[in-house]
Amino acid sequence: MAICRLTICLALAGVLFQPVANAQRKSDEQLVQQLKSDIGYLASDALEGRRTGTPGELKAAEYIEKRYQQMRVAPYKNSYFHPFRFTYGKEVAPTTRIVINGVDVKSNDNCFPFPFSANKKASGEILPDVMEQGSAWMMPLYASQEEADNPHFDAEKASFEKCREAAKQGASAVILFDSYGSKYAPTFNSQSIYETVAVPVVFMGNKVWKKLVVDRQANKGAVTVSLDIEITKTERSGNNLAAYIDNNAAYTVVLGAHYDHLGYGEDHNSLHANAAKDHLVHHGADDNASGTAALLEMAGRIKANKKLRHYNYLFVNFSGEELGLFGSKAFVKQEGLDSNKIAYMLNMDMVGRLNDSTHALTVGGVGTSPSWAEVVAMAGSDFKVVIDSAGVGPSDHTSFYNAGIPVLFFFTGTHKDYHKPSDLPEAINYQGEVDVLKYVTRVVEKMDKEQKPHYLVTKQASVGKSRFKVSMGIMPDYTFDGGGVKVDGVTDNKPAARAGVKVGDIVIQLGDNKITGMQSYMEALGKFGAGDKTQVTVKREGKEVVLPLEFVK
Ligand SMILES: [Zn+2]
Numbered sequence: 040m041a042i043c044r045l046t047i048c049l050a051l052a053g054v055l056f057q058p059v060a061n062a063q064r065k066s067d068e069q070l071v072q073q074l075k076s077d078i079g080y081l082a083s084d085a086l087e088g089r090r091t092g093t094p095g096e097l098k099a100a101e102y103i104e105k106r107y108q109q110m111r112v113a114p115y116k117n118s119y120f121h122p123f124r125f126t127y128g129k130e131v132a133p134t135t136r137i138v139i140n141g142v143d144v145k146s147n148d149n150c151f152p153f154p155f156s157a158n159k160k161a162s163g164e165i166l167p168d169v170m171e172q173g174s175a176w177m178m179p180l181y182a183s184q185e186e187a188d189n190p191h192f193d194a195e196k197a198s199f200e201k202c203r204e205a206a207k208q209g210a211s212a213v214i215l216f217d218s219y220g221s222k223y224a225p226t227f228n229s230q231s232i233y234e235t236v237a238v239p240v241v242f243m244g245n246k247v248w249k250k251l252v253v254d255r256q257a258n259k260g261a262v263t264v265s266l267d268i269e270i271t272k273t274e275r276s277g278n279n280l281a282a283y284i285d286n287n288a289a290y291t292v293v294l295g296a297h298y299d300h301l302g303y304g305e306d307h308n309s310l311h312a313n314a315a316k317d318h319l320v321h322h323g324a325d326d327n328a329s330g331t332a333a334l335l336e337m338a339g340r341i342k343a344n345k346k347l348r349h350y351n352y353l354f355v356n357f358s359g360e361e362l363g364l365f366g367s368k369a370f371v372k373q374e375g376l377d378s379n380k381i382a383y384m385l386n387m388d389m390v391g392r393l394n395d396s397t398h399a400l401t402v403g404g405v406g407t408s409p410s411w412a413e414v415v416a417m418a419g420s421d422f423k424v425v426i427d428s429a430g431v432g433p434s435d436h437t438s439f440y441n442a443g444i445p446v447l448f449f450f451t452g453t454h455k456d457y458h459k460p461s462d463l464p465e466a467i468n469y470q471g472e473v474d475v476l477k478y479v480t481r482v483v484e485k486m487d488k489e490q491k492p493h494y495l496v497t498k499q500a501s502v503g504k505s506r507f508k509v510s511m512g513i514m515p516d517y518t519f520d521g522g523g524v525k526v527d528g529v530t531d532n533k534p535a536a537r538a539g540v541k542v543g544d545i546v547i548q549l550g551d552n553k554i555t556g557m558q559s560y561m562e563a564l565g566k567f568g569a570g571d572k573t574q575v576t577v578k579r580e581g582k583e584v585v586l587p588l589e590f591v592k
């Protein structure tokens, strides 16, 4: 009997529990399927890396719009599309002319003005090797074949220094030429950190230079040059997408995730070694198709949960994030968002690479409200939560924190494919992302029963998207786009503070590494270990200051 009863129990257990387990699994499976389909499309080659302002970005935006429509989540203020404009980097204006011996060579990509050229005209004859005051100078960029073949020779820096010096000595214009056919000859760097020099300055590549040599031998004459240079700041545009659940509540909760990525790496923000030449799609499956898909799913879940009525819910898919949080900054400004309207903001950026062995989940912004400690505790044993208190971080929650709104930022950690073409859908941990999604849902459900959380200002520097063996102990201004990394805060007793780095300094070089922005800063930092001694160069009130720096253990 006993055996018999035991058999019955086991059989019953099978009958009773199996379907429940199946239902649970099935629902997770459905979630996984939806995430796979969203991430699969957003990270596909067809979207070409979703670079802000490109047809790929627009395709992604149309897909997001369609998904909100399917779920019947209404547009925000009658439109899912909320376009914005911003300026980013430099470009050569179409009016620019570089005429050498009667031929306009500007259309030739072998010849272009440097981004630090003055916006001026200059014309006349040049006698190479004759450097007179008031005349245009032609100078070699490389001193030898060896220098031209050296991949570590910083051609842009050398060009800038030669041009600046020539301008000081009275040149009316400078043409730097490559007589050696360097593989590493400069290209127009839209993100150049160098300030404008006093005269128009142009690079002449090897092809144009060779032709000129032939012409001169034929004509035996001087080179005639007519320059009309105009470098402008690049005007760009992007589309934020916004959907809304209006519960006629006093306050609104914002849930956000950026959907833009790096395209082919044209904006110099790729970590792929040869991005400019290889022209590969940066798929951005984790960064941030993962957050985009999670946000869409959150919208569907909140829409379906009729109990969530204490707040209105606003879902925003930002663009322009990879270039410097431009979409979220614009959205906060355009909509006049602050704590008078918004209860809190949750941001998901890179939530697709949960590590199955560590289960580490970074939750940022924990210091921005006293309410968040309890919320973090709700993660329970599902995750090993890594707390980052700072309201300022390398993603869009920063724009809301700066507007006085409590924020939380969810992030499963950086990885070897970060900002590389290899950030692919097949590397996503879909079940891990489902777990994150469920946790964020629990946060929203809990907060819906509570009063608007209080806002706190945080001091601590952000842990950020990347983890390194060492840190400088500075808080970067993530919105700064003037070249280099602008220091917003210096932590006492950390290497930067000891070296004498001050708030307002712009870090432009770390050891041998030129720092042009957050990307190159993070790359450079990754090269150092505890105990390393090096130098940090900062721009302070227009002057370059070199400080000895020691990374501590
Ligand atoms: Zn990114």
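Numbered by the working numbering, the letters in the sequence shown go through residues 40 to 592 in order. No residue lacks a Cβ here, since even glycine has one placed at the ideal position from N, Cα and C. Every value quoted in this text rests on a predicted model; they were computed, and no experiment measured them.
With 16 or more other Cβ atoms from the protein chains shown falling within 10 Å of its own Cβ, residue 392 counts as buried. Taken from the Cβ of residue 589, every heavy atom of ligand 1 lies 6 Å or farther away. Residue 120 sits away from residue 356, with the two beta carbons spaced by 7 Å or more. With contacts defined as CB atoms closer than 7 Å, residue 280 and residue 100 qualify as a contacting pair.
Apart from the 5 residues on each side of it in sequence, residue 397 sits with its Cβ closer than 7 Å to the Cβ of 423 in its chain, given in chain order. Contact between the segment 356-369 and the segment 471-487 is absent: fewer than three C-beta pairs spanning the two stretches fall below 8 Å.
Rounded to the nearest whole angstrom, the CA to CA distance from residue 535 to residue 386 is 29 Å. Taking each of 141, 551, 239 and 402 in turn and checking the Cα distance to residue 192, the smallest one comes out for 551. Beta-bridge annotation (DSSP): residue 291 is paired with 351 and 381. When Cβ pairs closer than 8 Å are counted between the two stretches, the segment 208-225 is seen to touch the segment 176-183, the count reaching three or more.
Taken from the Cβ of residue 361, at least one heavy atom of ligand 1 lies inside 6 Å. Fewer than three pairs of CB atoms, one per stretch, sit closer than 8 Å, so the segment 312-320 makes no contact with the segment 374-383. Of the residues assessed, residue 585 falls on the exposed side of the cut-off, its CB having fewer than 16 other CB atoms within 10 angstroms. Its chain contains 304 as the residues whose beta carbon lies nearer than 6 Å to that of residue 314, once the 5 sequence neighbours on both sides are disregarded; these appear in chain order.
If you draw a straight line from the Cα of residue 571 to the Cα of residue 591, it comes to about 8 Å. Assignment of residue 481 by DSSP, reduced to helix, strand and coil, places it in the helix class.
DSSP places residue 510 in no alpha helix (DSSP H); its state is neither H nor E.
Straight through space, the alpha carbons of residue 77 and residue 90 are spaced by roughly 17 Å. Taking each of 190, 233 and 230 in turn and checking the Cα distance to residue 221, the smallest one comes out for 190.
Taking 6 Å as the cut-off, one finds no heavy atom of ligand 1 near enough to the beta carbon of residue 544. Three or more Cβ pairs closer than 8 Å define a contact, and the segment 460-473 falls short of that threshold against the segment 261-271.
The Cβ neighbour count for residue 474, taken over all protein chains shown within 10 Å, is at least 16; the residue is labelled buried. Boundaries for residue 464: no alpha helix (DSSP H) harbours it, and the DSSP string shows neither H nor E there. Excluding five sequence positions before and after residue 310, the CB atoms of its chain that fall closer than 8 Å to its own CB belong to 457, 458, 459, 558 and 562, given in chain order.
In this structure, residue 143 has its beta carbon at no less than 6 Å from each heavy atom of ligand 1. In this structure, the straight-line span from the alpha carbon of residue 577 to that of residue 556 is close to 13 Å.
Straight across, the Cα-Cα distance linking residue 446 with residue 440 is about 6 Å.
In the assembly as shown, residue 407 is a buried residue. Its beta-carbon has 16 or more other beta-carbons within 10 Å.
Fully contained in the segment 210-280 are the following alpha helix (DSSP H) runs of length 4 or more, in chain order: 245-258. Distances between the C-beta of residue 299 and the heavy atoms of ligand 1 are all 6 Å or more.
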